[in-house]
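Letter by letter, the sequence shown follows residues 0 to 461 of numbering that gives the first Met the number 0.
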Amino acid sequence: MVKLDRRTFLQGAASMAAFAKLPSKQRKRPNFLILYPDQWRYDWMEGTVGLPIQLPNIARIAKKGMNLATTIVASPLCAPSRACLASGKEYDDCRTPGTPYDYPLDQVTYYKLLRDSGYHVLGCGKIDLHKGTLDWGPDGKRCLPEWGFSDGIDNEGKMDAVWSSHDHNIFGPYMTFLKKQGLAKTHVDDLVKRYKQGYAATYPTPLPDPAYCDNWITGNALGLLGSAPSDKPWHLVVNFTGPHNPEDITERMEKTCRSRQMPHPNGSTQYDAATHTLIRQNYTAMCENIDAQIGFLLAEVEKRGDLDNTVIIFSSDHGEMLGDHDRWAKSVPYEASVHVPLIVAGPGVHPGRVSHALINHIDIGATILDFAGVKDTLSLPRKSFRNVLEGKTEKHRDVVRSGLGSWRIVRDERYKLIVGFDPKIGIHTQGGHDANSNPTDAQGLHEARKRPDRVSTFDQYF
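Okay, structure coming up:
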């Protein structure tokens, strides 16, 4: 693992300034740096009115690239969302319907297509393609070749580290690392306590900053990049564990956020205002820490001389409700759950633009293959949005779909229809609303009767 010192941090902060000045000349096959935090909602970004958050590295990527502001995941839950992205399939066909399922090893990933075409395919962090089998191997390399990776370190998610460490057994690289540092029991005890207390557990973790999981993941990513061959194009996806709950932050992170006034949830009857503020301060601190880690990664790409020929993609697997409508985490059809950020920068991408083209999250894989010059011959629903990035078109899809369990949604650039979800009793119902004028879903989900023409149009997609 590479140690992150102050000098490396300053290099990361400066790297994007240099990035903005680089020419857009494109070699035949670009590299790919995929920055993929877990559970980052679409509106928790610098520039959101009333939100005190500072994300300088992500903002610099956006300045050089394009913000695709209407990106919807195929399923708002870790395992199926990542399976849909890897396979290029919609939720109903991804063969990973929920958390206790492993990704089928006979289902081709875009990682494998890249590797077979000559790319050095790297991945680290919470890859999360084997939720049914909480065993990563002590080095984090179990299943990597079968998924299509050339090298990498697949590690536990936050609570996976706890669930997999029963009876003092350890099945993953992060807990193996903590055990060597004498911190494994300390960390498990802390997360078990937080699990029982829920989101209100906002006190700092006993872990020091170098042992905090997202910082450790960044060190692994830097090591993988440093050992990547110079004679092959590379792809690196960095799967941060934050800002997923529990709301664990280090003492240093806590000092950066406690004085900030935060916007309160929409339609919440839970907790008092002070507790909501603490929760949202912690969530913000996790986001800002990830932004700092991104700075380190950009500095390493620049050090390799690859920055001008690297497509950089920032996104997330799903959002986070943060108490809106008394909901937490994800798994529901509300915008804060299914709508995620997506920023793309790199050779050929129009800089400083905001696009409202409708993007299905599975389209990221198709776009990567398109930039890499890999012909996608699998007849899948994923669809490259490279033409949007290069300014050749403003439109991408007419509708996108998302689903989980019994509910499904269809959304166009304005309206969203929900089938099979009831916020109170969970039975099959039908509802819809204007997603543009009602981005927080505040008006409820039962307005379909007002626009029978839209319901009729959407019905064909179910």
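Every residue gets a Cβ at the ideal spot worked out from N, C-alpha and C, and that includes glycine.
Under three-state DSSP, which class holds residue i?
| i | result |
| --- | --- |
| S401 | strand |
| Y102 | coil |
| M252 | helix |
| T366 | helix |
| S229 | coil |
| M285 | helix |
| R410 | strand |
| K130 | coil |
| T428 | Any reading at T428 needs caution, since the residue's pLDDT is 42, under 50, leaving its predicted position unreliable; the model's value is listed next. T428 falls in the coil class under three-state DSSP. |
| V418 | strand |
| H263 | coil |
| H349 | coil |
| H275 | helix |
| P172 | helix |
| Y202 | coil |
| E375 | Sequence inspection shows Asp at residue 375; the Glu mentioned does not correspond to that position. Coil. |
| D247 | coil |
| I60 | helix |
| D452 | helix |
| E45 | coil |
| F148 | coil |
| P209 | helix |
| C77 | helix |
| C83 | helix |
| A328 | coil |
| G218 | helix |
| P242 | coil |
| L190 | helix |
| W135 | coil |
| G487 | There is no way to answer for residue 487, as the model of the chain reaches only from 0 to 461. |
What does residue i pair with, by DSSP beta-bridge criteria?
| i | result |
| --- | --- |
| S314 | L341 |
| W153 | In the sequence under discussion, the amino acid at residue 153 is Asp, which differs from the Trp named in the question. Note: D153 sits in a beta bridge opposite G124. |
| S486 | The requested residue 486 is not part of the displayed model; the chain covers only 0 to 461. |
| L34 | V237 and F313 |
| N359 | I71 |
| H119 | W233 |
I'd like to know whether the C-beta atoms of residue i and residue j end up nearer to each other than 7 Å.
| i | j | result |
| --- | --- | --- |
| I472 | V343 | Residue numbering for the chain in the displayed model covers 0 to 461; residue 472 lies beyond these limits and cannot be assessed. |
| V310 | P79 | no |
| N66 | V339 | no |
| P205 | T175 | no |
| S477 | W43 | The first residue shown for the chain is 0 and the last is 461, placing residue 477 beyond what the model contains. |
| G147 | K125 | no |
| A210 | M252 | no |
| E246 | T201 | yes |
| Y102 | L128 | yes |
| H324 | G266 | yes |
| Y173 | A160 | yes |
| Y35 | N238 | yes |
| K382 | A365 | yes |
| Y41 | G322 | no |
| L133 | S330 | no |
| G97 | G122 | no |
| Q292 | T217 | yes |
| H234 | V120 | yes |
| Y460 | V398 | yes |
| N56 | D290 | yes |
Around the Cβ of residue i, are there at least 16 other Cβ atoms within 10 angstroms (buried) or fewer (exposed)?
| i | result |
| --- | --- |
| S405 | exposed |
| E299 | buried |
| N168 | exposed |
| G345 | buried |
| T392 | exposed |
| G131 | exposed |
| A82 | buried |
| P228 | exposed |
| T108 | buried |
| K374 | exposed |
| T47 | exposed |
| S226 | exposed |
| G49 | exposed |
| P332 | buried |
| V191 | exposed |
| A272 | exposed |
| E179 | It should be noted that the sequence gives Lys, not Glu, for residue 179. Under this definition K179 is an exposed residue. |
Do residue i and the ligand GTP come close, with the Cβ less than 6 Å from some heavy atom?
| i | result |
| --- | --- |
| G117 | Only the bare structure without any ligand can be found here, which leaves the ligand GTP out of the picture. |
Would the region 397-413 and the region 102-122 be scored as touching if the rule is three or more Cβ pairs under 8 Å? Flag = no, the region 397-413 and the region 102-122 do not touch.
Cβ contact check for the region 357-372 and the region 52-72: 3 or more pairs under 8 Å: The region 52-72 and the region 357-372 touch, with three or more beta-carbon pairs separated by less than 8 Å.
Can you confirm whether the region 273-292 touches the region 242-262 when touching is taken to mean that 3 or more C-beta pairs between the two stretches lie within less than 8 Å? A contact exists between the region 242-262 and the region 273-292.
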